[in-house]
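This report refers to the structure that appears directly beneath it.
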Amino acid sequence: MNKVTVSAPGKLMLLGEHAVVYNHPCLVTAVDQRMRATVETLDSLEFQLEAEDVGVTGYKKPLSNLGKGDIPKGAQSVEIAVRNISEKYPLRTGLRVTTKSEFSSQFGFGSSSASTVCTIKAVSEILGLNLSQKDIFDLSYKTVLDIQGKGSGFDVAAAVFGGTLYFVTGEKVIKPMSVDSLPLIVGYSGVKADTVTLINKVKESFVHKQKRLNEIYNSIEVLVNNARDALIKKDWKRFGKLMNKNQDLLVKLGVSIDKLDNMIKASLSEGAYGAKLSGAGGGDCMIAIVPKDNEQEVKDGISQAGGKVVNIKTNAEGVRIEK
Ligand code: PMV
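Count along the sequence shown from 1, add 366, and you get the number used in this note's numbering.
This is the structure we're talking about:
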């Protein structure tokens, strides 16, 4: 094969962010807005990248320089992915990668993890490797850690496996939940958040309160486990209540912001069962679990609070070959 296109879904954290970095479980769902990557072979031993969505065009370098020198931020997830897979399975041709996203990289839907997963999957197809989902997860997660140093890998798991997952980091648990879709509404705050900055912020502000931090993380774990049961029973009212409690704990961690708080408050006063921020906090998106009859009111409430409603479906398929 000398050309392949693959796609992988974005993700939304349902419950358990931050605690998941420290070996507690989380629930994550894959969303139906996808990242696409086309990989084709080149005669020259070059790596080329077109990733217009993140401002990278006409980027090229010799394969021997992969991962070296100054790499623009928008090129890192693909270039380091190609380097990592080629260290294990040497390339005999050059590669041209073109990425295209159905969603804005601003939303915090995990565009860099999804492009890493797409790249690993596409290159493995080009090389005729029969990599398992687990192999793709491992190489992709290594890439994320090489780039950002920290992270649980929940976003990589969502991009690879899709669906809704109960996830514990360190290859401990990646368990698909059998649920078709969640009655979820998503609001984008318009504020860009940086995951690693927020992980560090929590760490620093609790540096002398480790016991308190552990208590919060243990409480989040209990909520996640209860939410998993509620999810299995499709008990959305209970699931919503657990989300509210999770939000209270995220406020205690210091990662919510006024804009998100206002969007969450508006959703609840318009009848949502529960609402919380999703992801690292500091911006990005909030999510609300909403009874069918209140969907429009909640959407209007989010807009009036200054948020932008993002229409998505949950439980999307994991990484797949498009053609
Ligand atoms: O910022 P996001 O949407 O990538 O979510 C980060 C969630 C954290 O738990 C804070 C980090 C992680 O890798 O699990």
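Quick reminder that beta carbons are idealized off the backbone N, C-alpha and C, glycines included.
Among the bridge pairs identified by DSSP, Ala396 is matched with Lys377. Not one heavy atom of the ligand PMV is found less than 8 Å from the C-beta of Gly515. Non-local beta-carbon contacts of Arg594 in its own chain, meaning distances under 6 Å to residues more than five positions away in sequence, involve Tyr532 in chain order. Here the alpha carbon of Gly382 sits roughly 15 Å from the alpha carbon of Gly640.
Cβ neighbours of Leu579 within its own chain (closer than 6 Å, five residues either side excluded): Phe572. Excluding five sequence positions before and after Lys658, the CB atoms of its chain that fall closer than 8 Å to its own CB belong to Pro549, given in chain order.
One alpha carbon belongs to Leu619, the other to Glu468, and they sit about 32 Å apart. Cβ-Cβ distances below 6 Å link Met629 to Gly553, Met652, Ile668, Ala671, Gly673 in the same chain, with the five nearest sequence neighbours on each side left out; the list follows chain order. Cβ contact annotation for Asn389 (same chain, cutoff 8 Å, sequence separation greater than five): Val534, Thr535, Gly536, Lys538, in chain order. At least one heavy atom of the ligand PMV falls within 8 Å of the beta-carbon of Ser518. Beta-carbon to beta-carbon, Leu608 and Leu589 are separated by about 5 Å, close enough to satisfy the 8 Å threshold.
Minimum Cα-Cα distance from Val656 among the listed residues Ser547, Ser490, Val510, Ser518 corresponds to Ser547. Residue environment for Val386: buried (at least 16 other C-beta atoms within 10 angstroms of its C-beta). In this structure, the ligand PMV has no non-hydrogen atom nearer than 8 Å to the beta-carbon of Cys484.
Around the Cβ of Asp624, a 10 Å sphere holds fewer than 16 other Cβ atoms; the residue is exposed. Val526 and Gly684 have their C-alpha atoms some 5 Å from each other. Taking a 10 Å sphere around the C-beta of Lys377, we find 16 or more other C-beta atoms and assign the residue as buried. Under a 10 Å Cβ-count criterion, Leu564 is classified as buried, with 16 or more other Cβ atoms of the shown protein chains found around its own Cβ. At the C-beta level, Val370 and Glu406 come within 9 Å of one another. Set against 8 Å, the gap from the CB of Ala396 to the closest heavy atom of the ligand PMV is not smaller. Per DSSP, reduced to three states, the secondary structure at Thr535 is coil, with no helix or strand assignment. Phe469 carries a coil assignment under DSSP once its states are collapsed to helix, strand and coil. Under the DSSP definition of a beta bridge, Glu412 partners with Pro428.
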